[in-house]
Ligand code: AHG
Ligand code: MN
Ligand code: MN
């Protein structure tokens, strides 16, 4: 794969498409549509401080969260390019209460549905910290008019997933179930170019990522695990380092490359955690498992969870295999789900 370094994302997905004899090219086209939407979002992100795109819209989304102008802009671009591309028959967005059916004539034979978080890490927009876009793709299961069941599929049925991180450089990281591959945007040619083929995450890491401010609101087993991370045990590389940016995409990307565990646990305020199963936890879980890591809700594999609602939340423990597998050992029998 090293000899493919530098080729564009568009070329890469076409080359990899040959791995699937039955491939019609539709998934490749859909992935390229997502990459195109992210380039348009990237352009606004990069000049956010100069335009009128910073700050709040004054609205609140279905999550009850204040919608930032860049949330809205990113959402509009993802919907626009999914509709225009014709490869997607329905979509679900963090910013849309209900799922969207693509009625355009050119999408009537579309096989795929897409779920996305158009702008992840919104609280970081105005302070120039890394943010991202997360996407998850399934084959539709319905015939005729798309239904919510096309979107409420367990994460293990994803055909592709990925994220774009708008950081010190802009990267697209994705999987179709054949490894995880990272592409860096070359602004001089406007193309994502292969920079990180076959990303594998270390089985052990020295980083833990959690919002320590919520310590008093965690279940006992989470408090005990975080204490474990802080113990002086040199031969086990403890204490670990706490790294927490507040953008799932940025925290996950760092831990994917370096090793580590990211945790958004249940809290007294959010008994199911904060992060959404369909467009945050499932796509990240698919990527991390493909990179040799693990993703659970403390005891159950995230990708096995059968969704019941578009915006449902789940607790998430995700990252280096041996770190995620440590979590259940801190649970007393009564706490195990
Ligand atoms: P979003 O901006 O799409 O709502 O996601 C924000 C999420 C996630 O990116 C991050 O890990 C988490 O919120 C941070 O939550 P806290 O500020 O509660 O730690
Ligand atoms: Mn998010
Ligand atoms: Mn978001």
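Numbering (my numbering), first residue to last: 120 to 456.
Beta carbons: idealized from backbone N, C-alpha and C, even for Gly.
Problem set entry | Buried/exposed call for residue 122, threshold 16 Cβ in 10 Å | Exposed is the call here.
Exercise. How about residue 396 and residue 408: are their beta carbons less than 8 Å apart?
Worked result: The answer is no: Cβ separation not under 8 Å.
Exercise. Nearest-angstrom Cα distance between residue 152 and residue 198?
Worked result: Residue 152 and residue 198 have their C-alpha atoms roughly 11 Å apart.
For this session: Report whether the distance from the Cβ of residue 152 to the nearest heavy atom of ligand 1 is below 7 Å.
Result: Incorrect: residue 152 has no Cβ contact closer than 7 Å to ligand 1.
Problem set entry | Residue burial classification, residue 288 (beta-carbon count within 10 angstroms, cutoff 16) | Residue burial annotation: residue 288 is exposed, with fewer than 16 other C-beta atoms found within 10 angstroms of its C-beta.
For this session: Can you tell me which of 209, 217 and 204 puts its alpha carbon nearest to the alpha carbon of residue 181?
Result: Of 209, 217 and 204, the smallest CA-CA separation from residue 181 is found for 217.
Problem set entry | When 219, 349, 166 and 202 are compared against residue 269, the one with the closest alpha-carbon | Of 219, 349, 166 and 202, the residue nearest in Cα terms is 219.
Exercise. DSSP three-state call for residue 410: helix, strand or coil?
Worked result: Here residue 410 sits in coil by DSSP.
Exercise. Between residue 229 and residue 205, is the Cβ-Cβ spacing less than 8 Å?
Worked result: Going by C-beta atoms, residue 229 is nearer than 8 Å to residue 205.
Problem set entry | Option nearest residue 275 by Cα separation, candidates 424, 412, 325 and 386 | When C-alpha distances from residue 275 are compared across 424, 412, 325 and 386, the shortest belongs to 424.
Exercise. Using the beta carbon as the reference atom, which residues fall closer than 6 Å to any heavy atom of ligand 2, ordered along the chain?
Worked result: The set, ordered by position in the chain, is 236, 239, 367 and 399.
Exercise. Between the C-alpha atoms of residue 435 and residue 413, what's the straight-line distance to the nearest angstrom?
Worked result: Near 10 Å, if we compare the C-alpha coordinates of residue 413 and residue 435.
For this session: Check whether the region 336-343 touches the region 298-310, counting contact only when three or more Cβ pairs, one atom from each stretch, lie closer than 8 Å.
Result: The region 336-343 is not in contact with the region 298-310.
Exercise. Would you say the beta carbon of residue 213 comes nearer than 7 Å to a heavy atom of ligand 3?
Worked result: For residue 213, the shortest C-beta to heavy atom distance toward ligand 3 is below 7 Å.
For this session: Please name the residue in 367, 316, 303 and 353 whose C-alpha comes closest to that of residue 329.
Result: Selected option, being the one with the closest Cα: 367.
Exercise. Is the beta carbon of residue 334 within less than 7 Å of some heavy atom of ligand 1?
Worked result: Ligand 1 never approaches residue 334 closely enough for any of its heavy atoms to be under 7 Å from the residue's Cβ.
Exercise. Using the rule of at least 16 other Cβ atoms within 10 Å of the residue's Cβ for burial, across every protein chain shown, is residue 143 buried or exposed?
Worked result: Looking at its Cβ environment, which holds fewer than 16 other Cβ atoms inside 10 Å, residue 143 is exposed.
Problem set entry | Residue range of the unbroken beta strand (DSSP E) whose run includes residue 450 | Where residue 450 is concerned, there is no enclosing beta strand (DSSP E), given that its DSSP letter is neither H nor E.
Exercise. Relative to ligand 1, is the shortest distance from any of its heavy atoms to the C-beta of residue 365 smaller than 7 Å?
Worked result: Within the cutoff, so yes.
For this session: State the start and end residues of the unbroken alpha helix (DSSP H) segment that holds residue 437.
Result: Not the alpha helix (DSSP H): residue 437 falls in the beta strand (DSSP E), residues 435-438.
Exercise. Among 296, 300, 304 and 299, which residue has its Cα nearest to the Cα of residue 290?
Worked result: Out of 296, 300, 304 and 299, the CA that lies nearest to the CA of residue 290 is found in 304.
For this session: Classify residue 134 as buried or exposed, calling it buried when 16 or more other Cβ atoms lie within 10 Å of its own Cβ.
Result: It counts as exposed.
Exercise. Taking 7 Å as the cut-off, does the CB of residue 184 come closer than this to any heavy atom belonging to ligand 1?
Worked result: Ligand 1 has a heavy atom closer than 7 Å to the beta-carbon of residue 184.
Exercise. Is residue 190 near ligand 3, with its Cβ less than 7 Å from a heavy atom?
Worked result: Annotation for residue 190 indicates a beta carbon within 7 Å of some heavy atom of ligand 3.
Exercise. For the candidate residues 259, 313, 293 and 285, whose alpha-carbon lies nearest to that of residue 247?
Worked result: The shortest Cα separation from residue 247 among 259, 313, 293 and 285 belongs to 285.
Exercise. Bridge partners of residue 352, per DSSP?
Worked result: Under the DSSP definition of a beta bridge, residue 352 partners with 357.
Exercise. Closer than 7 Å: is that where the CB of residue 282 sits relative to any heavy atom of ligand 1?
Worked result: Ligand 1 never approaches residue 282 closely enough for any of its heavy atoms to be under 7 Å from the residue's Cβ.
Problem set entry | Expected contact under 8 Å - CB spacing of residue 410 and residue 299 to nearest Å | Rounded, the Cβ-Cβ distance is 5 Å, consistent with contact.
For this session: Please find out if some non-hydrogen atom of ligand 1 comes closer than 7 Å to the beta-carbon of residue 394.
Result: Residue 394: yes, Cβ under 7 Å from ligand 1.
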